[in-house]
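*Asks:*
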DNA sequence: GTCTATAATAGGATAGAC
DNA sequence: GTCTATCCTATTATAGAC
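Chains as they are written, first to last, in our numbering: chain X, 50 to 237; chain F, 50 to 237.
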C-alpha cells in the first residue's frame with residue numbers, strides 16, 4: 050500500500066484552484082488529475098461521487114477558509130474598522146489581488162448552479178450576514194446594515210468579474226479600498 | 050433546398066440565450082442544437098468555425114443589442130437623468146429583472162475567457178466609457194466620472210452574480226434603484 | 001492508495017444525400 | 001439549408017492488479 054502523496058487537504062486545495070478558474074463544466078477530470086498529481090482512480094478513491102463530490106469538497110474548503118480567515122477576524126477583537134481591515138487583507142490574499150476568480154461566482158453558471166444552488170445561497174448568505182453584524186456593531190441600524198453588507202458582497206463579486214473581463218486589477222483594488230467607507234461611514 | 054426555418058438573427062438570439070445561461074464550456078452542441086431547432090450540420094452551415102463561432106455570434110448579438118438599447122439612449126435626447134432611466138429600464142429587460150445572467154460575466158470563466166479575453170475587454174470598456182461620458186455631461190470631473198462608471202459596471206455584474214447565487218431578485222432590483230444616485234448625485 | 005486498462009458515453013466536427 | 005450517418009476525440013467512470 051503506497052502512502053498518500055499528499056494530505057487530503059492539499060488535494061482539495063488544488064481541486065479548489067481548478068474549479069475557481071475553470072468553473073464546474075470547464076473543469077475536466079484530466080485537469081483535476083493533473084493539478085493534483087493523482088490518477089483518475091486515486092481521485093475516485095478520495096471522491097467516490099466523482100466530479101460533483103470534488104466540487105463539493107472545494108466548496109467545503111472555501112467555507113472553512115472563509116470561516117477561519119474572514120468570519121473569525123470579523124468577530125474578533127478590536128474596533129469594527131480594525132476587524133474589517135483584517136478581513137480585507139485576507140480577501141486580497143484569497144483573490145490574489147483580483148487576479149483569481151471566486152469559486153462561488155464561477156459555480157453560479159452552468160451545471161454548477163443546478164447542482165449547488167442551495168450551497169451558494171448559504172455561503173453567500175453567511176458572508177453577508179457576518180458583514181451586516183459588523184456594521185450593526187458599528188452603530189448602524191439593522192436594515193441599513195443589511196443593505197450595506199449586500200452591496201459590499203455585490204461589489205466584491207462584481208469587481209472580480211470586471212477585473213477578470215478587463216484583465217486589470219484596478220476594479221478589484223479600488224473596490225477593496227472603498228469597502229470601509231461603504232460599510233462603516235455614517236454619512237451615507 | 051428547404052427554406053430557412055428562422056432568420057439567422059433569431060438563431061443567434063437563441064444561441065445567446067444558451068451561452069449566457071450555461072457559459073462557454075457548459076454549452077454543448079446538443080443543447081445549442083435543441084435551442085435553435087437546427088441539427089448539428091445546419092449549425093455548422095451557419096457557423097463553420099463551430100462552437101467558437103457561435104459564441105462569437107452571440108457576443109456580436111450582445112454588442113449590437115447594447116449599442117441599440119443601452120448606448121444609443123445614453124447619447125440620446127433629454128437630461129442625463131432621463132437618459133439613464135431609459136438605460137436602466139432596458140437593463141431590467143436584458144437581465145429579466147435579475148433572473149438571467151450576463152453573457153460577458155458567463156464568458157469570463159473557463160475556456161470562454163481564453164478565447165474572448167479581448168472581446169470582453171472591449172465590450173466592458175465600451176459600456177464603462179459610455180456611462181462615464183454621461184456622468185461627465187452631468188457636470189462631474191472626468192476622473193470622478195470614470196470611477197463612478199466603473200463602480201456602476203461592478204454593481205451590475207455583482208448584483209447579477211449575487212441574485213443568481215441567492216436565487217433572489219433583490220440584489221439586482223436594489224442595484225438598479227441605486228444607479229442614478231451613484232452616477233449622477235453630486236454629494237459623494 | 002495508486003496504477004494500468006478499459007468501458008461507456010458525450011463531446012465537437014465532417015461527409016454526402018436530397 | 002437541412003438531414004442522416006459517421007468519425008474521432010475527450011470525457012466520466014469503473015475494474016482489477018499490485
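Backbone N, C-alpha and C fix where the C-beta goes; we use that ideal spot for every residue, glycine too.
Bear in mind that the values here come from a model prediction, so they are computed numbers and not experimental data.
(1) Would you check if the segment 175–195 of chain F and the segment 85–96 of chain F touch, i.e. whether three or more CB-CB distances between them fall below 8 Å?
(2) At what residues does the alpha helix (DSSP H) containing residue 102 of chain F begin and finish?
(3) Look up residue 128 of chain X in the DSSP assignment and say whether it is helix, strand or coil.
(4) Assign residue 50 of chain X to buried or exposed, taking buried as 16 or more other Cβ atoms, counted over all protein chains shown, within 10 Å of its Cβ.
(5) At the 9 Å Cβ level, is residue 202 of chain F part of the contact set with chain X, yes or no?
(6) Would you identify the three-state DSSP class for residue 96 of chain X, choosing helix, strand or coil?
(7) Taking the CB atoms as reference points, tell me whether residue 67 of chain F and residue 84 of chain F lie closer together than 9 Å.
(8) Say whether the segment 208–221 of chain X touches the segment 196–205 of chain F, bearing in mind that this needs 3 or more beta-carbon pairs closer than 8 Å, one atom from each stretch.
(9) For a contact defined as C-beta to C-beta under 7 Å, what are the partners of residue 216 of chain F on chain X?
(10) For residue 220 of chain X, return the contacting residues in chain F, with the cut-off set at a CB-CB distance below 7 Å.
(11) Using only the alpha-carbon positions, how far apart do residue 168 of chain F and residue 141 of chain F sit?
(12) For residue 144 of chain F, which three-state DSSP category applies?
(13) Counting along the chain, where does the alpha helix (DSSP H) carrying residue 158 of chain F start and finish?
(14) Which value, in whole angstroms, describes the spacing of the CA atoms of residue 226 of chain X and residue 79 of chain F?
(15) When you compare only the Cα positions, how much space is there between residue 165 of chain X and residue 69 of chain X?
(16) With a threshold of 9 Å between beta carbons, is residue 224 of chain F in contact with chain X?
(17) Contact check, residue 154 of chain F vs residue 73 of chain F under 8 Å by CB: the rounded distance?
(18) Whose CA, out of X:57, X:113, X:108, lies closest to the CA of residue 157 of chain X?
(19) Which residue marks the beginning of the alpha helix (DSSP H) containing residue 149 of chain F, and which one marks its end?
(20) What residues in its chain sit with their C-beta under 7 Å from that of residue 187 of chain X, if we drop five residues either side in the sequence?
(21) Apply the 10 Å Cβ neighbour rule to residue 224 of chain X and answer buried if 16 or more other Cβ atoms are within range, or exposed otherwise.
(22) When the Cα atoms are used, what is the spatial distance from residue 86 of chain X to residue 212 of chain X?
(23) Report the option in X:161, X:196, X:228 whose CA atom is closest to the CA atom of residue 219 of chain F.
(24) Which residues, in chain order, does the segment 142–158 of chain F contribute to contact with chain X at a C-beta distance below 9 Å?
(25) If you count every other CB in all the chains shown that lies within 10 Å of the CB of residue 55 of chain F, and 16 or more means buried, which is it?
(26) Out of curiosity, what's the CA-to-CA distance linking residue 122 of chain F and residue 229 of chain F?
(27) How many angstroms separate the CA atom of residue 104 of chain X from the CA atom of residue 152 of chain X?
(28) Among X:113, X:147, X:100, X:133, which residue has its Cα nearest to the Cα of residue 231 of chain X?
(29) Can you tell me whether residue 190 of chain F is helix, strand or coil according to DSSP?
(30) Return yes when at least one heavy atom of the ligand SAH lies under 8 Å from the C-beta of residue 62 of chain X, else no.
(31) Taking only three categories from DSSP, how would you classify residue 224 of chain F?
*Replies:* Here's the rundown:
(1) Counting Cβ pairs under 8 Å, fewer than three are found: no touch.
(2) Translated into the one-based positions of the second chain, residue 102 of chain F becomes position 53. Residue 102 of chain F -> alpha helix (DSSP H) spans 100–115.
(3) Within the first chain, residue 128 of chain X is the residue found at index 79, counting from 1. Reduced to three states, the DSSP call for residue 128 of chain X is coil.
(4) Sequence index remark: in the first chain, residue 50 of chain X carries index 1 (1-based). Residue placement at residue 50 of chain X cannot be trusted, given a pLDDT of 41 that sits under 50; what the coordinates show is reported in the next sentence. Its Cβ having fewer than 16 others within 10 Å, residue 50 of chain X is exposed.
(5) Reading the second chain from its first residue, position 153 is the one you call residue 202 of chain F. Under the 9 Å criterion on CB atoms, residue 202 of chain F is classed as interfacial with respect to chain X.
(6) Residue 96 of chain X sits at position 47 when you count from the first residue of the first chain. Residue state, collapsed to three classes: coil.
(7) Numbered from 1 along the second chain, position 18 holds the residue referred to as residue 67 of chain F. Numbered from 1 along the second chain, position 35 holds the residue referred to as residue 84 of chain F. Closer than 9 Å, so yes.
(8) Touching, yes, given that three or more Cβ pairs across the two stretches are closer than 8 Å.
(9) Taking the first residue of the second chain as position 1, residue 216 of chain F is located at position 167. Those are 166, 170, listed as they occur along chain X.
(10) Numbered from its first residue, the first chain carries residue 220 of chain X at position 171. Within chain F, the C-beta atoms nearer than 7 Å to that of residue 220 of chain X come from 199, 203, in chain order.
(11) Taking the first residue of the second chain as position 1, residue 168 of chain F is located at position 119. Taking the first residue of the second chain as position 1, residue 141 of chain F is located at position 92. Their Cα atoms are separated by approximately 23 Å.
(12) Taking the second chain and counting its residues from 1, one reaches residue 144 of chain F at position 95. Three-state DSSP puts residue 144 of chain F in coil, outside helix and strand.
(13) Residue mapping note: residue 158 of chain F aligns to position 109 of the second chain, counting from 1. Here residue 158 of chain F belongs to no alpha helix (DSSP H), and DSSP marks it neither H nor E.
(14) Start at 1 with the first residue of the first chain, and residue 226 of chain X comes out as number 177. Start at 1 with the first residue of the second chain, and residue 79 of chain F comes out as number 30. Just so you know, the alpha carbons of residue 226 of chain X and residue 79 of chain F end up roughly 45 Å apart.
(15) On the first chain, position 116 is the one that residue 165 of chain X refers to. On the first chain, position 20 is the one that residue 69 of chain X refers to. Going from the Cα of residue 165 of chain X to the Cα of residue 69 of chain X covers about 14 Å.
(16) The count along the second chain starts at 1 and reaches residue 224 of chain F at position 175. Closer than 9 Å to some Cβ of chain X, the Cβ of residue 224 of chain F qualifies, so yes.
(17) Walking along the second chain from the start, residue 154 of chain F turns up at place 105. Walking along the second chain from the start, residue 73 of chain F turns up at place 24. Between residue 73 of chain F and residue 154 of chain F the Cβ distance is about 12 Å, and since that is not below 8 Å, they are no contact.
(18) The count along the first chain starts at 1 and reaches residue 157 of chain X at position 108. Checked all of X:57, X:113, X:108; the closest Cα to residue 157 of chain X is X:108.
(19) Position 100 of the second chain, counted from the start, is the residue given in the question as residue 149 of chain F. Bounds of any alpha helix (DSSP H) do not take in residue 149 of chain F, whose DSSP letter is neither H nor E.
(20) Residue numbering aside, residue 187 of chain X sits at position 138 when the first chain is read from its first letter. Within its own chain, the residues whose Cβ lies closer than 7 Å to the Cβ of residue 187 of chain X, once the five positions on either side in sequence are excluded, are 129, 233, listed in chain order.
(21) On the first chain, position 175 is the one that residue 224 of chain X refers to. So residue 224 of chain X counts as buried.
(22) Along the first chain, one-based indexing puts residue 86 of chain X at 37. Along the first chain, one-based indexing puts residue 212 of chain X at 163. So the two alpha carbons sit approximately 30 Å from each other.
(23) Position 170 of the second chain, counted from the start, is the residue given in the question as residue 219 of chain F. It is X:196.
(24) Within the segment 142–158 of chain F, the residues whose Cβ lies closer than 9 Å to some Cβ of chain X are 150, 151, 153, 154, 155, 156, 157, 158, listed in chain order.
(25) Position 6 of the second chain, counted from the first residue, corresponds to residue 55 of chain F. Exposed.
(26) By one-based count along the second chain, residue 122 of chain F stands at place 73. By one-based count along the second chain, residue 229 of chain F stands at place 180. A straight line joining the alpha-carbon of residue 122 of chain F with that of residue 229 of chain F spans about 15 Å.
(27) Sequence index remark: in the first chain, residue 104 of chain X carries index 55 (1-based). Sequence index remark: in the first chain, residue 152 of chain X carries index 103 (1-based). Cα to Cα, residue 104 of chain X sits roughly 10 Å from residue 152 of chain X.
(28) Locating residue 231 of chain X in the first chain gives position 182, where the first residue counts as 1. Checking every option, the nearest Cα to that of residue 231 of chain X belongs to X:133.
(29) Taking the second chain and counting its residues from 1, the one referred to as residue 190 of chain F is at position 141. Residue 190 of chain F carries a coil assignment under DSSP once its states are collapsed to helix, strand and coil.
(30) Only the bare structure without any ligand can be found here, which leaves the ligand SAH out of the picture.
(31) By 1-based counting over the second chain, the position of residue 224 of chain F is 175. If DSSP states are grouped into helix, strand and coil, residue 224 of chain F belongs with the helices.
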